[in-house]
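Numbering (our numbering), first residue to last: 332 to 683. Here the structure comes first, spelled out in structure tokens, and everything after it is commentary.
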């Protein structure tokens, strides 16, 4: 017997998270219906060439007709909204309403982020707090939903002069990363292009019976900035140095609203050393975790639970993601095999 092919509805299909899922879902036989803002560009062209993938072009804001078309007959949904598309809260709520109205969505996975002001004496990050507002709306609607929280993308690193994650090439051939993060407090990391798709697909396979209402940290590795630079040094056989700075350097024009986000990061993580994911399920020790064993370093690293200025980071942060997808790519592998390729694609030639 053949089983009917399930359709996954996706928005912002050319983004790293959505495109990662579309590639994997298409490869294993799901149908995908994805919204894009433009059909032009390398990623859009790639996705259009994949089997069982249909792209719908159009804006999301105030576009009820497109949303109804997107969810019509779909069984599953992966929703990662962005501020560039317009009012993210309005879009997020309208998408949830459309999914509810469709009546066929069996599992709604929303890519959320925390609002730190809800969990402690910390300021909100504007581009994150709106996602948390949408998450709460989805919960109130009663959709069979799961909420994934993506760690920092390994793919953010570039030697181009973009703020916060510039791995700046020095005259002697070494690299230097300058950011406000404490050099020894671990942060959550994710190779979005490689690992989001398989992890989300497994969430769909497990279904809402297992994951309804859950928050899942999509992070496979927790590394401090010093450990990140050590991984780059090993991978590239070049010295890589981390320098903590109070202010994020802005050398190029940035999108509207992003400056406020960067200023919030300077305070939240540079001055206050707040946990990246402050919710209780991400900060309490995992049940039955062996003492002295933690998720620090790369695969197989034996570092213990680390007590730093930010406190103990729970094993729970990486446990669920690693259970969902065992083939994840660590930072050293990314820096060795992917970073030079992405750099060359951006017109740089230091790797030659």
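Idealized CB from N, CA, C, for every residue including glycine. Remember, it's a predicted structure, so these values are computed and weren't measured experimentally.
What residues in its chain sit with their C-beta under 7 Å from that of residue i, if we drop five residues either side in the sequence?
i           : result
residue 400 : 387
residue 666 : 562, 563, 566, 567
residue 392 : 416, 417, 418, 421, 422
residue 474 : 427, 430, 431, 436, 439
residue 464 : 420
residue 403 : 433
residue 372 : 345
Taking just the CA atoms, how far does residue j sit from residue i?
i           : j           : result
residue 661 : residue 485 : 9 Å
residue 349 : residue 503 : 38 Å
residue 374 : residue 355 : 14 Å
residue 377 : residue 651 : 30 Å
residue 429 : residue 395 : 8 Å
residue 379 : residue 385 : 7 Å
residue 383 : residue 360 : 7 Å
residue 492 : residue 500 : 10 Å
residue 358 : residue 352 : 10 Å
residue 656 : residue 554 : 19 Å
residue 448 : residue 455 : 5 Å
residue 560 : residue 668 : 16 Å
residue 512 : residue 670 : 21 Å
residue 432 : residue 408 : 13 Å
residue 658 : residue 498 : 26 Å
residue 533 : residue 527 : 10 Å
residue 365 : residue 460 : 25 Å
residue 588 : residue 466 : 21 Å
residue 581 : residue 594 : 11 Å
residue 536 : residue 478 : 15 Å
residue 552 : residue 541 : 23 Å
Suppose the cutoff is 6 Å on Cβ atoms and the five residues either side in sequence are ignored; what does the same chain contact list for residue i look like?
i           : result
residue 482 : 519, 520, 521, 550
residue 505 : 569, 570
residue 509 : 574, 576
residue 370 : 388
residue 462 : 443, 444
residue 496 : 487, 488
residue 525 : 660
residue 367 : 344, 345, 375, 386, 388
residue 381 : 357
Buried or exposed for residue i, going by 16 or more other Cβ atoms inside 10 Å?
i           : result
residue 663 : buried
residue 398 : buried
residue 347 : buried
residue 677 : exposed
residue 583 : exposed
residue 277 : Residue 277 is absent from the structure shown; the chain starts at 332 and stops at 683.
residue 585 : exposed
residue 675 : exposed
residue 411 : buried
Using a Cβ-Cβ cutoff of less than 8 Å, which residues in the same chain neighbour residue i once the five nearest sequence positions on both sides are dropped?
i           : result
residue 673 : 486, 489
residue 476 : 438, 439, 440, 441, 469, 470, 539, 543, 544
residue 336 : 360, 361, 362, 383
Do residue i and residue j have their CB atoms nearer than 7 Å?
i           : j           : result
residue 338 : residue 362 : yes
residue 494 : residue 579 : yes
residue 592 : residue 457 : yes
residue 425 : residue 340 : no
residue 612 : residue 653 : no
residue 648 : residue 548 : yes
residue 472 : residue 530 : no
residue 453 : residue 683 : no
residue 343 : residue 435 : no
residue 557 : residue 514 : yes
residue 590 : residue 507 : no
Rounded C-beta distance between residue i and residue j? I'm assuming under 8 Å.
i           : j           : result
residue 608 : residue 480 : 6 Å
residue 450 : residue 602 : So it is not a contact: roughly 17 Å between Cβ atoms.
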